[in-house]
Structures are given as C-alpha cells and as structure tokens.
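Peer 1:
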Amino acid sequence: MWTGKLNRLLSSSRYTVFYFLIALQACSTDAQDDRALASTQSSAEQAWWLEVEFIPEDRALFGKDIVSVVPHWQAATLLTLGLIGDQAGQSALEEFSHTGFQLDVEKDDEQYRVGVYKNRDGENGRFVAVSHDGSITILTEPGIPGFSALLMESDEIRWYMCLQCGEYYTIVKGGSGYYLQ
Amino acid sequence: MTTPTAVVRPANIDQLIQNIQREFPAAGIRITGRARTIRRQAELMAQRIRANRQEFLGTYRAAPHITEMDRWYIANQTASVAQTVSEFEAIITRARAAGATVSNHLSDTARDISWPAGNDQVLNQIESRINALGASVIREPNAAGGRHWHVDW
C-alpha cells in the first residue's frame, strides 16, 4: 500500500481547499488474470456487467489534474449511467436502473463515487473514491476497468463488481483511513 | 428442456455452468458473479496489517490463522508487500484446509448464477443436476445485491 499526502493548497473565496489522502491497494496478480479468466468463461454465458469494459481517459478528476489526485495514474473516468448505456447497451442500463445500486452515494458528509483507472505502468482497474471533509481516499480493485456500483445496506456502504451476486467489499472507516473489508 | 444423461465431471466450474446452460436453456441462466479468491483475501489482510496492526487485530475475529499472520508479520516487518501476500495466502489455504472459515464464500472455484427461470420442479431438477456434476448450491433469494444461486465446485 502507498499512502501520500499532498501539500495543503491555499484557499481563496473562489476555491475549496483539498487534502488528498491516497491509499493504493496491493497489486493483484490474481486480478490481472481477469481477462484470461474471462476468455475461459466466454463459452459460458455471462451477465453484461462481467464483460463490459470502460476506457479510463480523463486527465482530470474532481476538477484536479489526475497526477495531483493519484500521482501514479495516467487516466481515470467516473462511471455514469450514460457510459453504461453506451458501452453495455440500453437494455443493460434499464436492468441496472431497476436495482437499488448507485454509482454515486452520499452518506452524512461523505461522497462515494466509482470509476475506472489506468496507471503509468499500463495497468487498469476499478476504483471507489471517498470524499470527506476536503480529503479524498482512493480504494482500488486492480484488473479489468469494468463495472462496479455501490449499495447502501444496513448503514454500511458496499462496493460490488456485479449484480445478482454475493461478493462485495464493505468500505470501512478506521483510524488510519478508509479501507476495504 | 434437454434430458440430462451422462454424469461426466466437468473440467472446471465454468464448464459445469456451460453444461447446465445447455441442458436447461429455458432457465435463462447467466454467470452473474465470482467469489473472492484466496489471493485477493490475502492481499486485503496483508494491506490491513501493514497499514495498522492494531486495527487489523480489531477487525478480524481472534482465530489461529489471525495469530499466525500477526506473528509472521512481527517477525518479518521488512518483508515486501508481495512476500506478505504470499505468506498470508499460504496461511489462509492451510487454515481452510483445517476447516477454518476465513471469510464467507471464499473460493477459487465458485460462481454466482442468475436465479433460474421456472417452477419449483424445474429449480429442483437444475439443483440436482448441479449436484450430480459435483458442485453444491446455495440459493440466495434475499441477497441484498439481487437474488441468485451460489455454486461452488
């Protein structure tokens, strides 16, 4: 895990001060086999959310240059309903819209958003960004830049990489920051 | 519906599900998810203990494999992330072999599938066929993420 803290930005009446706390997950060699696994599974029909991929292409995140948010990243893109419709089709978008999942969740003073990234080594993955009190924590799932979504359940925020499934991460706030469990 | 005949153990979980899809086409079965792998669980736990050991101990219920992870970490604090992950993966594997539940639905050979279409008789036939092919089924009608079947091979 790498944790970095940017220098404090001076504020003015027109700008918000951000403190960026960045946490990177350990690279997952297992997750990097996602494409190999997907190709093995291509003969067994899969739901669209296991196959859709998005292109991390934005050079800015939350109004800031991507390098200032996560120095090791090359590009990132937040997921939107429009992107799901464009990449997975309107029927997929309709199916997603009928679930309780969201791409953007606000809870108390925290905001959670999901997206995909590409780092300077060319590795891709998914991320959830937790914004709280001017700071942003990035939690990642290395591998395919694919679908993910958030679900509020019993006062906890869950991060899923699928629908109609049982596997998810709980986003936990601890003394050392946010982490996945 | 195709009448299942031979019981030939599939090569892997994905082939098993493909067989089920072919034998029960009207059920509309899709693979909808995968279980967390042992490797991924090891990564999360390794990251946790390296970030905050006390928090790690407070997060996970006391168990022999947690103690073993903690002792290894204390004795190998200069180890790299990769070394820690590999060691934790081995610890988890041994713990599971000994019957410990490290995390619910932790598996390298499990898949979630969509709830099959059909009446109770059809669902029972599908589950029986999955069992005959060597896998177990947990029906999850009330899962928060959407109802599904969990198939472990």
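These protein sequence lines are chains A and P, in that order. Numbers given in our numbering equal positions in the first sequence, counted from 1, plus 657. Numbers given in our numbering equal positions in the second sequence, counted from 1, plus 7. We put the beta carbon where it would ideally sit given N, CA and C, even for glycine. Computed from a prediction, not measured in an experiment: that's the story for all the values here.
Taking 8 Å as the CB-CB cut-off, is H72(P) touching chain A?
Peer 2: False, the Cβ-Cβ gap to chain A never drops below 8 Å.
Peer 1: Tell me whether V88(P) sits in a helix, a strand or coil according to DSSP, three-state version.
Peer 2: The answer is helix: DSSP assigns V88(P) an H, G or I state.
Peer 1: With a threshold of 8 Å between beta carbons, is S685(A) in contact with chain P?
Peer 2: The predicted position of S685(A) is uncertain, since its pLDDT is 47 and thus under 50; a value taken from the coordinates is nonetheless stated next. By this cut-off, S685(A) is an interface position.
Peer 1: What are the start and end residues of the beta strand (DSSP E) that includes H789(A)?
Peer 2: Taken as a continuous stretch (DSSP letters only), the beta strand (DSSP E) holding H789(A) covers 781-789.
Peer 1: Contact check, Q821(A) vs R154(P) under 8 Å by CB: the rounded distance?
Peer 2: Right, their Cβ atoms sit about 7 Å apart.
Peer 1: Helix, strand or coil: which one does DSSP assign to E702(A)?
Peer 2: Note: E702(A) maps to coil in three-state DSSP.
Peer 1: Check whether the Cβ atoms of I163(P) and D115(P) lie closer than 8 Å to each other.
Peer 2: Absent from the model: residue 163(P). The displayed extent of chain P is 8 to 160, so no value can be given.
Peer 1: Looking at the structure shown, is M76(P) part of a helix, part of a strand, or coil, going by DSSP?
Peer 2: If DSSP states are grouped into helix, strand and coil, M76(P) belongs with the helices.
Peer 1: Is Q703(A) close to chain D, meaning its C-beta is less than 8 Å from at least one C-beta of that chain?
Peer 2: Included in the structure are the protein chains A and P, with no chain D among them.
Peer 1: Near L667(A), what residues of its chain come up, given a Cβ to Cβ distance below 6 Å and the 5 sequence neighbours on each side ignored?
Peer 2: With a pLDDT of only 36 at L667(A), under 50, the local geometry of the prediction cannot be trusted, and the value read off the model is given with reservation. None.
Peer 1: Please report how far the alpha carbon of L736(A) lies from the alpha carbon of W156(P), in whole angstroms.
Peer 2: So the alpha carbons of these two residues sit roughly 27 Å apart.
Peer 1: Ends of the alpha helix (DSSP H) at I20(P)?
Peer 2: Run containing I20(P): 20-30, per the alpha helix (DSSP H) assignment.
Peer 1: Do the region 806-817 of chain A and the region 94-111 of chain P touch if we need at least three Cβ pairs shorter than 8 Å?
Peer 2: No: fewer than three Cβ pairs fall under 8 Å.
Peer 1: Tell me whether the beta-carbon of Q48(P) lies closer than 8 Å to the beta-carbon of L130(P).
Peer 2: For Q48(P) and L130(P), no; Cβs fall outside 8 Å.
Peer 1: Could you say which of F95(P), A151(P), N126(P) lies nearest to I55(P) if we only look at CA atoms?
Peer 2: As written in the sequence, residue 55(P) is Arg, which differs from the Ile given in the question. For R55(P), the nearest C-alpha among the options comes from F95(P).
Peer 1: Ignoring anything shorter than 4 residues, give me the alpha helix (DSSP H) runs that lie fully in the region 729-784 of chain A, in order along the chain.
Peer 2: For the region 729-784 of chain A, whole alpha helix (DSSP H) runs of length 4 or above, ordered along the chain, are 738-745, 747-754.
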